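Position in the sequence shown (first residue = 1) + 216 = our numbering. Note that CB positions come from ideal geometry on N, CA and C, so glycine has one too. Owing to the predicted nature of the structure, the values given are computational and were not obtained by experimental measurement.
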Amino acid sequence: MPQNEYIEEAIKKEGRRLDYAERKRKREARSPHVHAMAARETIGLKAKILNRQNRVEKIEIRKKIKAHEEKLSKTKKDVSGAVQKGALPSYLLDRAGAGSAENRSKVLSNMIKEKRKDKAGKWAVPLPKIK
């Protein structure tokens, strides 16, 4: 066995610390803070190199996200199939009928008027009739 694999050998033999997973999770959660601090504090040529690396990483991530979205959109298009004849586009679906908005507003105003009448009727005290 090579001499430089003593760490792996010790892990196989003894195992890891009990809190290894938690410490690793916390270290990974903290890493953006460390990277941000390094980006703030570097100056000169090191800053240029770091900025170029960050830019390249961002571009790669954007490409991966875009490719994933295209893959998802292709599968959705394949599943949906052809557009039915006479189907409304999505921006017209919410205003399905031109008069429906007017009807809704009329119904709402009538409901409000009825509620007002009911409230007025509740508090009206019947007057005794004089003989």
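Coarse secondary structure for residue i, derived from DSSP in three states
i	result
Thr291	helix
Lys345	coil
Arg232	coil
Lys301	coil
Ile259	coil
Pro218	coil
Same chain, Cβ closer than 8 Å to residue i, five either side skipped, listed in chain order
i	result
Leu266	Ala254, Ala255, Thr258
7 Å CB neighbourhood of residue i in its chain, flanking five on each side removed
i	result
Glu318	none
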